[in-house]
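Novice: Residue numbers 20 to 293, in the working numbering, belong to the letters of the first sequence in order. Virtual Cβ for every residue (Gly too), placed ideally from N, Cα, C. The structure displayed is predicted, hence computed values, not measured ones.
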Amino acid sequence: MPELPEVEVLRRGLIPAVVGRRLGAAFVSGKPLRRQVPQQALADLCGRRITAVERRAKYLLLLLDSGDTLVFHLGMSGNLGIFTTESPRRRHDHLELLLDNRTCLRLHDPRRFGMVVLLPAGDGEARQRLFATCGPEPLEDGFSATWLRTKAEGRRVAVKPFIMNSTVVVGVGNIYANESLFAAGIRPTRSVARIRAAEWERLAEAIRTTLTAAIACGGSTISDFRNAGQQKGYFQINFNVYGRSGEPCPQCSGKIEKEVITGRASFFCRSCQQ
DNA sequence: AGAGATACCTGGGAGC
DNA sequence: TGCTCCCAGGTATCTC
20 MPELPEVEVL RRGLIPAVVG RRLGAAFVSG KPLRRQVPQQ ALADLCGRRI
70 TAVERRAKYL LLLLDSGDTL VFHLGMSGNL GIFTTESPRR RHDHLELLLD
120 NRTCLRLHDP RRFGMVVLLP AGDGEARQRL FATCGPEPLE DGFSATWLRT
170 KAEGRRVAVK PFIMNSTVVV GVGNIYANES LFAAGIRPTR SVARIRAAEW
220 ERLAEAIRTT LTAAIACGGS TISDFRNAGQ QKGYFQINFN VYGRSGEPCP
270 QCSGKIEKEV ITGRASFFCR SCQQ
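1. Per the contact definition of three or more C-beta pairs closer than 8 Å, is the stretch 160-167 in contact with the stretch 103-110?
2. Would you mind sorting A76 into buried or exposed? The rule is 16 or more other CB atoms within 10 Å of its CB.
3. Given a cut-off of 7 Å on the beta-carbon distance, is the pair T229 and S199 in contact?
4. Hey, L29 and L82 are a contact pair by Cβ (cut 8 Å); roughly how many whole angstroms apart?
5. G252 and G18 - do their beta-carbons sit closer together than 7 Å?
6. Drop a sphere of 10 angstroms on the beta-carbon of I256, count the other beta-carbons inside from all chains shown, and report buried for 16 or more, exposed for fewer.
7. What are the residues that DSSP puts in a beta bridge with F91?
8. Quick one: grab the DSSP three-state call for S285.
9. List the endpoints of the continuous beta strand (DSSP E) containing V47.
10. Here's a check: name, in chain order, each residue in its chain whose Cβ is nearer than 7 Å to the Cβ of Q292, leaving out the five neighbours to either side.
11. Going by CA-CA distance only, name the one from T281, E276 and I280 that's closest to F287.
12. Is DSSP giving T152 helix, strand or coil here?
13. Fully enclosed by the stretch 212-268, which alpha helix (DSSP H) runs are 4 residues long or longer?
14. From D119 to G100, what does the alpha carbon distance come to, in whole angstroms?
15. Would N246 and G32 qualify as a contact pair, given that the criterion is a beta-carbon distance under 7 Å?
16. Within 10 angstroms of the Cβ of P180, are there 16 or more other Cβ atoms? Answer buried if so, exposed if not.
17. Taking just the CA atoms, how far does R227 sit from A235?
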């Protein structure tokens with residue numbers, strides 16, 4: 020379940036493996052992901068060199084020397100990994116891009132909620148369209164308590180779906196929303212209309228520190244996340260509330276509760292989070 | 001316009 | 001053991 024930390028960990032792992040490499044042939048499974056994989060466009064990239072790996076929100080961007088950008092979204096079960104060309108493809112490998120050193124980049128995505136898009140060189144509009152609704156990056160300037168407070172003005176939605184809304188801030192999925200709200204001491208069901216200035220400060224800070232800590236741990240591996248070298252992350256051992264309903268709160272030993280908020284499992288401690 | 005539900009998809013675990 | 005059911009999650013799209 021790649022959220023921002025997992026995508027960032029993947030990005031950092033991919034850099035030494037792919038930057039400077041030339042693309043070779045592309046294999047496409049043909050199974051549709053959230054959008055159809057652009058098979059012909061990928062074939063046309065043969066011979067192009069990868070110049071950089073960037074991230075915007077939960078999107079991973081491979082920049083090419085042609086000016087084209089290959090964009091990946093991992094959806095809920097997607098993963099990109101580097102493999103030798105000899106290693107057999109697995110079920111659910113939907114895209115394989117050969118590199119010029121007998122390795123390949125494979126997109127593995129059992130649930131097929133992922134996405135592969137090619138942004139052609141010079142088509143700034145396509146890029147604009149793809150990221151048009153994205154809010155600020157939580158680990159960059161532009162994201163702050165003031166920003167959150169401003170976005171919340173006139174709204175009454177519960178704070179948890181609010182911070183998971185990518186027009187508010189990108190990269191915060193269900194796991195890190197739960198953990199950030201615990202760190203900030205705010206109950207996930209609380210309406211954004213009832214959050215005070217000092218609490219917005221705590222929440223903005225909690226989101227930053229939670230995501231940063233998760234990146235430092237190599238992300239969270241619940242069932243299937245692996246970095247580019249197929250290693251697991253270990254931030255999940257630091258979860259305070261996510262997936263821990265019925266267990267004691269690490270702060271007060273009260274019981275962690277679970278409640279579904281707008282269709283998403285939410286975990287909190289009733290006494291530590293008001 | 002905001003809020004919430006729904007659709008997309010598969011594997012894994014629970015329960016019978 | 002083998003079946004069915006439910007759940008997980010990100011985002012686009014819908015309905016109210």
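Specialist: Here's the rundown:
1. Between the stretch 103-110 and the stretch 160-167, the count of C-beta pairs closer than 8 Å stays below three; the two stretches do not touch.
2. With at least 16 other beta carbons inside 10 angstroms of its own, A76 counts as buried.
3. Judged by their CB atoms, T229 and S199 are nearer to each other than the 7 Å cut-off.
4. Contact check for L29 and L82: beta-carbon distance about 16 Å, past the 8 Å limit, so the pair fails to qualify.
5. For the chain, the structure presents residues 20 to 293; residue 18 sits outside this window and is missing.
6. Exposed, by the Cβ-count rule.
7. Beta-bridge pairing links F91 to L79 and V135.
8. Strand.
9. V47 -> beta strand (DSSP E) spans L42 to V47.
10. Once the five neighbours on either side are set aside, the close Cβ partners of Q292 are L200, F201, G204, I205 and R206.
11. It is E276.
12. Here T152 sits in coil by DSSP.
13. At a cut-off of 4 residues, the continuous stretches assigned as alpha helix (DSSP H) that sit fully inside the stretch 212-268 are 216-235.
14. Cα to Cα, the separation comes out at about 16 Å.
15. At a Cβ-Cβ threshold of 7 Å, N246 and G32 count as neighbours.
16. Classification of P180: buried, given that the 10 Å Cβ count is 16 or more.
17. In this structure, the alpha-carbon of A235 lies about 12 Å from that of R227.
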